[in-house]
């Protein structure tokens with residue numbers, strides 16, 4: 013469901029309407045009445061149909077959008093979040109993970125949430141991804157799962173090693189250990205979930221021209237180079253630190269499977285420049301597959317039916333592909 | 013000429029060979045013998061012809077590459093710079109600026125130099141651009157000219173407000189005044205040299221999502237927003253600070269004429285991702301027009317004839333366009 017005041021509902025309805033375009037079967041964990049009302053209000057012919065169990069979804073998906081109801085009525089309207097909905101938002105996430113954990117569903121795809129609305133209701137996690145990490149520990153009895161964010165598009169995969177931090181703080185907290193962890197988790201996921209037998213990782217330098225041998229900053233030599241060496245010692249084909257400005261053009265991108273970036277914009281600028289609508293947020297390092305559209309709740313346009321479902325559709329497709337590859341890898 | 017051990021000679025020969033593709037007439041300030049030898053070695057039929065004055069160049073350009081000789085013989089070979097050549101490298105820059113200052117040429121296009129080789133010979137400027145700023149003061153009696161670097165491609169124009177600094181240092185030195193100066197110089201150049209009557213400037217935030225109202229760093233509120241306000245008070249259409257990751261996709265780029273970026277990679281990542289071979293380095297804020305290919309000396313491939321002349325050709329074309337627009341603007 014995600015935040016019901018955002019565009020999550022309408023992009024899910026849109027995605028179902030484009031099911032002929034190879035959108036894999038999905039069910040929503042949501043309030044069926046609010047989705048039926050939204051479809052009616054937009055004038056979209058989407059038969060919103062209540063299900064009792066995930067197993068009912070595949071057979072009906074061609075003719076109706078299956079909804080596993082959340083435990084209550086959504087109160088929010090478009091652009092107007094309600095603190096009272098927080099328990100439903102979190103309950104939908106919990107149910108999705110539980111369904112995957114019990115083998116009833118193949119992957120979790122999350123619609124955007126609004127952290128402020130959840131915080132007001134007592135949510136205490138820095139974000140969606142961290143909460144999923146906590147659920148992984150609780151439901152899978154695997155504490156210490158390290159969620160690693162990847163943004164993936166057909167053109168490029170990037171992994172920001174630091175994420176939602178002021179730029180100065182990102183430089184301050186960056187360590188070799190963080191890069192090594194991100195590199196290992198990415199390498200494993202590329203093999204298991206992306207079907208790449210011998211992944212190549214490109215590691216971006218922090219400073220211009222990767223520091224030019226130390227004359228433009230020491231971090232490339234002191235933090236990034238040792239991390240790259242440690243990954244190589246693990247048998248991972250990790251290149252770098254590389255000059256970030258020459259890593260993302262067409263020819264350069266052919267040389268690696270994922271780029272590890274040192275800060276938010278170093279990762280987000282190239283992928284959003286290349287593919288603004290179709291990039292998918294993937295959380296690696298969890299015991300279950302989780303993807304998400306690479307955009308927010310977009311309160312400003314919610315309820316108008318103009319939000320593009322491209323990123324949600326890409327997230328659904330990628331989740332299905334990853335689940336098929338993981339199932340096949342795990343059988344071997 | 014630029015650094016004679018680099019690829020400057022061969023890309024100039026290549027550019028002349030593609031003169032049918034709308035490459036404007038140019039002359040080189042170089043050593044004619046070394047260029048003739050280079051053409052012969054590469055098996056390229058380029059009649060390298062000595063001239064005494066720039067005015068001889070246009071008439072002969074169709075049939076021969078005009079060379080105004082530097083004051084001595086180049087000693088460097090491909091990939092092997094020689095300290096003894098430094099005076100010739102600097103002399104070629106001086107002569108180019110003098111020719112433009114005296115109205116004999118329309119614009120300066122510089123091939124890449126190797127700073128280390130010049131430093132060993134006593135050169136004391138941080139780089140090419142700063143040296144041109146000093147020449148502007150000396151030859152045009154306009155001390156205090158502020159050179160501002162722009163990278164321009166058909167897709168995007170970016171102006172890095174800080175350039176060759178470690179990322180941490182770029183954050184430390186960034187001031188509102190630097191952004192305002194870069195904005196004013198860029199605005200003037202877009203009008204005078206790019207023919208844009210009412211330019212729109214997009215100013216990038218420093219932190220992720222332009223700091224999210226201060227929760228991800230204060231610089232966007234404390235440094236960048238006041239600079240944007242000051243530019244707007246000047247009557248300049250300056251937007252921002254904007255989230256840098258969503259500024260560079262196709263639709264976003266249509267909304268502005270140049271992006272002011274806060275650090276090297278924030279500017280260079282998007283333009284090199286979009287147009288790796290065809291971006292041009294333009295120095296704004298000088299009393300003469302100066303462009304340059306957006307790459308280095310490439311010692312590793314020098315002398316092989318494989319270096320792409322695309323960026324030099326784009327630099328020649330852009331210089332000619334800017335000169336025509338400036339002449340037309342100055343007549344009005």
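Chains as they are written, first to last, in the working numbering: chain A, 13 to 344; chain B, 13 to 344.
Idealized CB from N, CA, C, for every residue including glycine.
Keep in mind the model is a prediction, meaning the values are calculated, not measured.
Assuming residue i and residue j make a contact with CB atoms under 8 angstroms, what is their CB distance in whole Å?
{"i": "residue 85/B", "j": "residue 43/B", "result": "6 angstroms"}
{"i": "residue 296/A", "j": "residue 162/A", "result": "5 angstroms"}
{"i": "residue 60/A", "j": "residue 301/A", "result": "With 8 angstroms as the limit, residue 60/A and residue 301/A do not qualify as a contact, their Cβ atoms being about 25 angstroms apart."}
{"i": "residue 133/A", "j": "residue 15/A", "result": "That pair is no contact at about 12 angstroms."}
{"i": "residue 251/B", "j": "residue 268/B", "result": "7 angstroms"}
{"i": "residue 126/B", "j": "residue 24/B", "result": "The pair is not a contact, with the Cβ atoms about 16 angstroms apart (cut-off 8 angstroms)."}
{"i": "residue 290/A", "j": "residue 165/A", "result": "5 angstroms"}
{"i": "residue 253/B", "j": "residue 279/B", "result": "Residue 253/B to residue 279/B, Cβ: 15 angstroms. No contact."}
{"i": "residue 69/A", "j": "residue 63/A", "result": "6 angstroms"}
{"i": "residue 205/B", "j": "residue 13/B", "result": "The pair is not a contact, with the Cβ atoms about 24 angstroms apart (cut-off 8 angstroms)."}
{"i": "residue 158/B", "j": "residue 197/B", "result": "6 angstroms"}
{"i": "residue 47/A", "j": "residue 66/A", "result": "Between residue 66/A and residue 47/A the Cβ distance is about 17 angstroms, and since that is not below 8 angstroms, they are no contact."}
{"i": "residue 147/B", "j": "residue 106/B", "result": "7 angstroms"}
{"i": "residue 285/A", "j": "residue 285/B", "result": "5 angstroms"}
With H, G and I counted as helix, E and B as strand and the rest as coil, what does DSSP make of residue i?
{"i": "residue 66/A", "result": "helix"}
{"i": "residue 304/B", "result": "strand"}
{"i": "residue 274/B", "result": "coil"}
{"i": "residue 285/A", "result": "helix"}
{"i": "residue 4/A", "result": "Nothing about residue 4/A can be reported from this structure: the residues present for chain A run from 13 to 344 only."}
{"i": "residue 222/B", "result": "helix"}
{"i": "residue 41/A", "result": "strand"}
{"i": "residue 164/A", "result": "strand"}
{"i": "residue 122/A", "result": "coil"}
{"i": "residue 86/A", "result": "coil"}
{"i": "residue 230/A", "result": "coil"}
{"i": "residue 309/B", "result": "coil"}
{"i": "residue 61/B", "result": "strand"}
{"i": "residue 30/A", "result": "coil"}
{"i": "residue 173/B", "result": "coil"}
{"i": "residue 184/B", "result": "helix"}
{"i": "residue 116/B", "result": "coil"}
{"i": "residue 15/B", "result": "coil"}
{"i": "residue 55/A", "result": "coil"}
{"i": "residue 208/B", "result": "coil"}
{"i": "residue 318/A", "result": "coil"}
{"i": "residue 143/B", "result": "helix"}
{"i": "residue 158/B", "result": "coil"}
{"i": "residue 178/A", "result": "coil"}
{"i": "residue 269/A", "result": "coil"}
What residue does the beta strand (DSSP E) around residue i start on, and which one ends it?
{"i": "residue 251/B", "result": "249–254"}
{"i": "residue 215/A", "result": "212–216"}
{"i": "residue 263/A", "result": "That residue, residue 263/A, is in no beta strand (DSSP E); its alpha helix (DSSP H) goes 262–265."}
{"i": "residue 79/B", "result": "77–81"}
{"i": "residue 153/B", "result": "Residue 153/B -> no beta strand (DSSP E), and no H or E assigned at all."}
Along chain E, in chain order, which residues have C-beta atoms closer than 7 angstroms to that of residue i?
{"i": "residue 179/A", "result": "Among the protein chains of the structure shown, namely A and B, there is no chain E."}
Give a single yes or no on whether residue i has its beta carbon closer than 7 angstroms to a heavy atom of the ligand ZN.
{"i": "residue 147/A", "result": "Among the components modelled here there is no ligand, and therefore nothing to report on the ligand ZN."}
Between which two residues does the alpha helix (DSSP H) carrying residue i extend?
{"i": "residue 342/B", "result": "322–343"}
{"i": "residue 294/B", "result": "Not the alpha helix (DSSP H): residue 294/B falls in the beta strand (DSSP E), residues 292–296."}
{"i": "residue 192/B", "result": "188–204"}
{"i": "residue 101/A", "result": "98–113"}
{"i": "residue 244/B", "result": "237–245"}
{"i": "residue 74/A", "result": "That residue, residue 74/A, is in no alpha helix (DSSP H); it is neither H nor E in DSSP."}
{"i": "residue 136/B", "result": "First-last for residue 136/B: undefined, no H or E at that position."}
Taking residue i as the query, report the chain B residues whose CB atoms sit under 8 angstroms from its CB, ordered along the chain.
{"i": "residue 260/A", "result": "281, 284, 285"}
What residues of chain B sit near residue i, judged by a beta carbon separation below 7 angstroms?
{"i": "residue 176/A", "result": "220, 228"}
Can you list, in chain order, the residues of the stretch 268–291 of chain A whose Cβ is nearer than 7 angstroms to any Cβ on chain B? 276, 277, 278, 280, 281, 282, 284, 285, 286, 288
Taking Cβ-Cβ distances below 9 angstroms as the criterion, which residues of the stretch 227–256 of chain A are in contact with chain B? 227, 228, 229, 230, 231, 255, 256
Determine which residues of the stretch 137–160 of chain B have a Cβ less than 9 angstroms from any Cβ of chain A, and write them out in chain order. none
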